[in-house]
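Notes to accompany the following structure.
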Amino acid sequence: MRVLVGGGTGFVGGALTQLLRSRGHEVTHVSRRPGPDRISWDEVARSGLPLCDAVVNLAGENVLNPFRRWDDAFRRVVVASRVETTKTLAKAIAEAKRPPRAWVLVTGVGYYRPSPTAEYTEESPGGDFDFFSRLVSTWEAAAKIPGDSTRQAVVRSGVVLGKGGGAVAQMLWPFRLALGGPMGSGFQPFPWIHIRDVAGIVCHALEMEGVCGVLNGVSPASPGTSNAEFAWELGSALGRPAVLPLPGWMVRGIFGAERAVMLLEGQRVVPKRTLESGYCFVYPNLSSALRDVVS
Ligand SMILES: NC(=O)c1ccc[n+]([C@@H]2O[C@H](COP(=O)([O-])OP(=O)(O)OC[C@H]3O[C@@H](n4cnc5c(N)ncnc54)[C@H](OP(=O)(O)O)[C@@H]3O)[C@@H](O)[C@H]2O)c1
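The opening position of the sequence shown corresponds to residue 1 in the working numbering, with each subsequent residue numbered one higher.
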């Protein structure tokens, strides 16, 4: 299969590209930067979709960049980098003479309202209560294309745990120095997935003819994982104590109140349709996932 991946040069994109190539697929990235096996967003907007069998979009400015102030200008970049890239690909797919067979978008579990108790499946309501939930709604709406010549799927991902990037990369040094611990109360749910599985679910959605619609991209153990348990397991994978809590006011100070919600509150998300679609998780439990990440 020839797969076109928007934002495929990033953290999740690297894992997906590796997995797709190992399964014999050809991968081309749509990127802001030139390079081998890459085309630009302008090229797609100007000349349409290159010949391909499937399209994925992973493009998006890093929301939790602690060095970027959470102001209106940054909010606009966060939205545009997701919604405009998705619109560009959706338009190109809709106008393609030979449309691809599958189109997969990766969004986030921020669609669901944070709650210490509620459990959310793919059918649960959401998408209309704060900045991030509305962003996911607009992003997913931008992906919709008319007709049924292209199968469409959306993977709503939890926090991606992997080597060399994402949340763990930011936490590693304090935890290695035994300065790590839960954030805020630590009771908040921690929706997580190993990077091999988020790549695996996207690949499954591309390859399996019957898979379409929303798939929650979280591990089956995720609904039972709290932030404190995550901190404890990360400390234990590193052989360090993880007992120093990071107070909520400090998290709000670093990220701003709106972004801090992503860390200080969380959702219990169940990968119901993902499992029903036949996806088998490689890392269903947290301790093995974290042992792999820090190895
Ligand atoms: N990592 C997680 O924990 C997580 C959790 C839930 C959802 N997600 C979603 O999954 C997708 C992939 O995540 P990731 O962690 O792999 O992201 P990432 O590495 O931070 O970025 C992915 C790619 O997006 C492109 N990009 C970045 N800023 C952009 C901008 N301002 N305009 C256009 N393109 C831009 C870059 O590609 P080029 O430099 O090649 O243009 C980058 O390599 C994102 O949409 C993210 O929101 C991630």
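Here a beta-carbon is modelled for each residue, glycine too, at the ideal position from N, C-alpha and C.
query = Is there at least one non-hydrogen atom of ligand 1 closer than 7 Å to the beta-carbon of LEU172?
reply = LEU172: no, Cβ never under 7 Å from ligand 1.
ask   = So, is LEU298 buried or exposed, given that buried needs 16 or more other C-beta atoms within 10 angstroms?
value = Outside the displayed range of the chain (1 to 295) lies residue 298, so it cannot be described from this structure.
request  = Would you identify the three-state DSSP class for TRP70, choosing helix, strand or coil?
outcome  = Correct three-state label for TRP70: coil.
message = Would SER124 and GLY186 be called neighbours here (beta carbons separated by less than 8 Å)?
response = Result no, Cβ atoms of SER124 and GLY186 do not sit closer than 8 Å.
message = With a threshold of 7 Å (Cβ to nearest heavy atom), would THR88 be considered close to ligand 1?
response = It does not: the Cβ of THR88 is nowhere closer than 7 Å to a heavy atom of ligand 1.
query = Whole-angstrom Cβ separation of VAL30 and VAL44, contact assumed at under 8 Å?
reply = Confirmed, about 6 Å.
key: VAL3 to VAL55 span [Cα, whole Å]   = For VAL3 and VAL55, the distance between alpha carbons rounds to 6 Å.
Candidates ARG196, TRP173 and LEU16: closest to ASN57 by CA position = Answer by Cα proximity: LEU16.
query = Less than 7 Å between the CB of GLY13 and some heavy atom of ligand 1, yes or no?
reply = GLY13: yes, Cβ under 7 Å from ligand 1.
query = Does the region 215 to 223 touch the region 270 to 283, meaning 3 or more C-beta pairs lie closer than 8 Å?
reply = At 8 Å Cβ cutoff, the stretches touch.
message = What residue range does the alpha helix (DSSP H) around ILE195 cover?
response = Taken as a continuous stretch (DSSP letters only), the alpha helix (DSSP H) holding ILE195 covers 195 to 207.
query = Grouping DSSP H, G and I as helix and E and B as strand, with all else coil, what is ILE39?
reply = Reduced to three states, the DSSP call for ILE39 is strand.
query = Since VAL106 sits in a beta bridge, which residues does DSSP pair it with?
reply = VAL106 is bridged to VAL155.
inquiry  = Between which residues of its own chain and TRP232 is the CB-CB distance below 6 Å, once the five residues before and five after are set aside?
reply    = Same-chain partners within the cutoff: ALA242.
message = Please state the DSSP three-state secondary structure of ASN227.
response = It is helical.
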